[in-house]
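Just so you know, the sequence shown maps onto residues -9 to 313 in this note's numbering.
For glycine and all other residues, C-beta sits at the position ideal for the given N, C-alpha and C.
Working notes, beginning with the structure itself.
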Amino acid sequence: MFLHTFIPGPIAWHFVITVVYWYGLLVTLGGVAGFVLIARLAKSIHFPLAHLTNLTFYTVIFGFLGARAFYVLFIEWSYYSTNTGEILKFWQGGISIQGGIIAGAFVVWQYARHFSGKIKNQEVVPLKVVAGESGANAKQTLVDEKIFPFTFWHLADIIVPGVALAQAIGRWGNYFNQELFGKPTDLPWGIPIDVVNRPSVYADARYFHPTFLYESLWNLATCIALVMLFNSIYHAKSPFRHSRADLSTGPAGGNSLKNLSGLVALTYLILYSLGRFLLEFVRIDEVPLWFGVRATQATALLFILFAILVGFGILKKHKVRQT
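Structure (structure tokens):
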């Protein structure tokens, strides 16, 4: 098995005077792939792409800052407090997706609060084709322009499948950095770790659990599940193609999409956090303890508890309104 025999390096290539690191490259590729998926989901419910681009830009920027800040302040503060010059060297690794989730959610909430009801949905449809004109020459016109409302949960539902996909790809950056691996193992898919990157207590061990791979596969499965759930909730009709009254009562067919919005985002929180909580039992990187458990596990449990409580509230309201 390739992973069982190859020891990677952190540098992808040297470009003139610039060094390209695998970590930064894979995080970037993950972000691009995630945005493509988000754009497809948004298009399927007729959410304006221009506003999605703006939202994604700010979410990525502040989400990344939050991820780095969480890692520096809560995971490795003992190191960075005495090596402040290293704080900005994010390309060498060291971000926490949990911090990114918190910061990203705040940005999405602010965006929904300021722009809901102010975004116009414009549909372009072809007029009757003029004689002799077809294809790209056919005239088009705007036939519908509505200002529609949306909530934080609508936006979160659109975004989280792309986040899971970005995580699935970006996690491979840890492999090339030879970091965040698990305990020693004799399994055939164990990965070799260079002796300089091994903890001193495992200096004699050669193969370790590829926790990056476990989390990557888990996130990919989570992404697939989220897309399926998104389609089951939003597929029938787009809530953004209805008036404010229609959005409140749900589209034709009896299913209130507004009542169920948020379940995709909350499912992401539960699935991601569950996987992260379990993987922390295998990982050996040093993490501060909160109330006797690893800080990342404590955060994962808080995410799960929050998602379950809010999810039950959404389902309860949906059930009441359906009766």
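Segment limits, beta strand (DSSP E) that includes residue i
i: V10; result: 8 to 11
Whole-angstrom distance between residue j and residue i, CA atom to CA atom
i: E76; j: G53; result: 20 Å
i: H144; j: L269; result: 30 Å
i: E135; j: D275; result: Legend: pLDDT at E135 = 45, less than 50; position of this residue unreliable, no value from coordinates given.
i: E66; j: H225; result: 43 Å
i: G163; j: A2; result: 11 Å
i: I(-3); j: R284; result: 28 Å
i: L250; j: I35; result: 15 Å
i: P0; j: Y165; result: 9 Å
i: V185; j: I149; result: 40 Å
i: L299; j: G89; result: 21 Å
i: T72; j: L63; result: 12 Å
i: P320; j: P151; result: Only positions -9 to 313 of the chain appear in this structure, which leaves residue 320 out of reach.
i: F281; j: L78; result: 30 Å
i: A290; j: V6; result: 42 Å
i: Q287; j: F267; result: 5 Å
i: L31; j: N221; result: 9 Å
i: P278; j: T74; result: 19 Å
i: Y70; j: Y11; result: 21 Å
i: A211; j: L16; result: 19 Å
Boundaries of the alpha helix (DSSP H) in which residue i is found, first to last residue
i: W67; result: 67 to 70
i: V254; result: 253 to 269
i: H41; result: 39 to 60
i: V150; result: 142 to 160
i: A102; result: 87 to 105
Min CB distance residue i to chain E below 7 Å
i: L15; result: The structure shown contains no chain E; it is built from a single protein chain.
Bridge partners - residue i, DSSP secondary structure assignment
i: I181; result: F198
i: I1; result: Y11
i: D284; result: Note on residue identity: the sequence assigns Arg, not Asp, to residue 284. DSSP output for R284 lists L279 as bridge partner(s).
i: P174; result: F198
i: P273; result: First, the amino acid is wrong: residue 273 is Arg here, not Pro. R273 pairs with G172.
Close beta carbons around residue i, own chain, < 8 Å, minus the five adjacent residues each side
i: G303; result: none
i: I92; result: G56, F60
i: A146; result: A95, V98, G252, V254, A255
i: H(-6); result: P178, W179, G180, I181, P182, Y197
Own chain residues within Cβ distance below 6 Å of residue i, not counting five before or after
i: N187; result: Q168
i: G172; result: F198, H199, T201, V272, R273
i: F140; result: S106
i: I223; result: L250
i: A297; result: L256, L259, I260
i: I85; result: A57, R58, Y61
i: V45; result: It should be pointed out that residue 45 corresponds to Leu in this sequence rather than to Val. So the qualifying residues of the chain are Y101.
i: G20; result: A156, I159, G160
i: K301; result: Lys is not the amino acid found at residue 301; the sequence shown has Gly there. Within the same chain, G301 has close Cβ partners L256.
i: I294; result: I260, S263
beta-carbon residue i near the ligand NAD non-hydrogen atom, thresh 6 Å
i: G24; result: Inclusion of the ligand NAD in the displayed structure is not the case, the ligand content being empty and no account of it being possible.
Residues near residue i in its chain [Cβ-Cβ closer than 7 Å; skip 5 each side]
i: L170; result: N164, T201, F202, R273, D275
i: F142; result: V98, W99, A102
Item checked: Cβ contact (3+ pairs, closer than 8 Å) linking the segment 39 to 55 and the segment 256 to 266 -> no
Check: With contact counted as at least three CB pairs below 8 Å, one residue from each stretch, are the segment 156 to 163 and the segment 18 to 28 in contact?
Finding: yes
Check: Do the segment 191 to 204 and the segment 213 to 224 make contact, defined as three or more Cβ pairs closer than 8 Å?
Finding: no
Checklist line | At least three beta-carbon pairs within less than 8 Å, the segment 96 to 103 to the segment 172 to 186 | finding: no
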